[in-house]
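Asks: Numbering (UniProt numbering), first residue to last: 1 to 290.
The beta carbon of each residue, even a glycine, is placed where N, CA and C say it ideally should be.
Sharing a structure here in structure tokens format.
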């Protein structure tokens, strides 16, 4: 799928970062979820052009110093093509299934804020210097802050629906704010809050990408749309209400509504990784109209 993404002209291949399938019976969801950064390390060596990243990694999954090392290594392995999407975490069941602590929401956000400061601080520390950090949840002492990513700075993606802390974190740390799975109207409101947060700290709002993500179910006609929806266990009519779903003309029209709301980047969630023709269809039927 990553190779076909590259071959068909897309700019990036991003992974969701989860350890449990979101199905009725995860025990039968073979072969099971893969570790996103382990997979991206492999894909860094199997691709040559597309950017690679997560939408998004959970701050509950990895110690921030370890994550800083992992992401920097994948960036080097890819020749500088990596972006780190980082969020507070929300899927409690996967934490219970793999012995990962799942603190209350406020603490998760506090940890996310500290991780963003710590990780970007380590990456920006000059070679030959050391980095120190003292927070409520994490402490770093005399760290050589190595290895460094190839990119300086390495792009960070922050997303969510929060009205105060999320826009503030995005304005401070993010190259890309992702509005997630929402309507064009909701996306426009979230984008406005991020632009305001940028202005509040003296950052040019034009320096941050504003993105949306939605499930893609594309077909040349209604029958093919229904077939692709059923293949991923979804009702096509429900997806049409909120998702990049339909015939090429319908998908182009919906993308345009998000563009009018301020979106400058689109993430297309493809659930059937065996359906490579799906990418071919978007590249040949939709991309030329954009």
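Buried or exposed: which applies to residue 131, given that a residue is buried once 16 or more other Cβ atoms fall within 10 Å of its Cβ?
Replies: Result: buried.
Asks: How should residue 267 be labelled, buried or exposed, when 16 other C-beta atoms within 10 angstroms of its C-beta is the threshold for buried?
Replies: Counting Cβ neighbours within 10 Å, residue 267 comes out buried, since at least 16 surround it.
Asks: Do residue 60 and residue 89 have their CB atoms nearer than 8 Å?
Replies: A contact, by the Cβ cut-off of 8 Å.
Asks: Using DSSP's beta-bridge definition, name the partner residues of residue 267.
Replies: Looking at the DSSP assignment, residue 267 forms a beta bridge with 213.
Asks: Do residue 10 and residue 43 count as a contact pair if the criterion is CB distance below 8 Å?
Replies: No. Outside cutoff.
Asks: Keeping to the same chain, check which residues put their C-beta closer than 6 Å to that of residue 119; ignore five residues upstream and five downstream.
Replies: Counting only Cβ-Cβ distances below 6 Å, and skipping sequence neighbours, we find 64, 68.
Asks: Identify every residue that forms a DSSP beta bridge with residue 143.
Replies: DSSP lists 131 as partners of residue 143.
Asks: Exposed or buried, which one is residue 139 when buried takes at least 16 other CB atoms within 10 Å?
Replies: When all chains shown are included, residue 139 counts as exposed.
Asks: Pull up the distance between the alpha-carbon of residue 270 and that of residue 137, whole angstroms please.
Replies: For residue 270 and residue 137, the distance between alpha carbons rounds to 36 Å.
Asks: Whole-angstrom Cβ separation of residue 155 and residue 175, contact assumed at under 8 Å?
Replies: Contact holds; Cβ gap of about 4 Å.
Asks: Would you mind working out which of 209, 278, 97 sits nearest residue 33, comparing C-alpha positions?
Replies: Among 209, 278, 97, the Cα nearest to that of residue 33 belongs to 97.
Asks: Spell out a yes or no on whether the region 104-123 and the region 147-167 are touching, meaning 3 or more CB-CB pairs, one atom from each, closer than 8 Å.
Replies: With the cut-off at 8 Å, the region 104-123 and the region 147-167 touch.
Asks: Compute every distance between the C-beta of residue 98 and the non-hydrogen atoms of the ligand ATP, then say whether any falls below 7 Å.
Replies: This structure does not include the ligand ATP; it has no bound ligands of any sort.
Asks: Can you give the beta carbon distance from residue 236 to residue 252, rounded, assuming they're within the 8 Å contact cut?
Replies: Not really, about 18 Å apart at Cβ, beyond 8 Å.
Asks: I believe residue 243 touches residue 214 by the beta-carbon criterion, under 8 Å. Please report the beta-carbon distance rounded to the nearest angstrom.
Replies: About 5 Å separates the two Cβ atoms, so the contact holds.
Asks: What are the uninterrupted segments assigned as alpha helix (DSSP H) that are 4 or more residues long and contained completely in the region 176-255, given in chain order?
Replies: Whole alpha helix (DSSP H) segments, 4+ residues: 184-200, 222-231, 236-241.
Asks: Could you spell out the range, first to last residue, of the beta strand (DSSP E) harbouring residue 51?
Replies: Residue 51 -> beta strand (DSSP E) spans 51-54.
Asks: Taking C-alpha atoms, which residue in 38, 103, 260 lies nearest to residue 186?
Replies: Comparing Cα positions, the closest option is 260.
Asks: To which residues of the same chain is residue 5 closer than 7 Å at the C-beta, ignoring the five residues directly before and after it?
Replies: Here the set comprises 13, 50, 279.
Asks: In this structure, what does DSSP give as the bridge partners for residue 14?
Replies: DSSP lists 53 as partners of residue 14.
Asks: Tell me whether residue 42 sits in a helix, a strand or coil according to DSSP, three-state version.
Replies: Three-state DSSP puts residue 42 in a helix.
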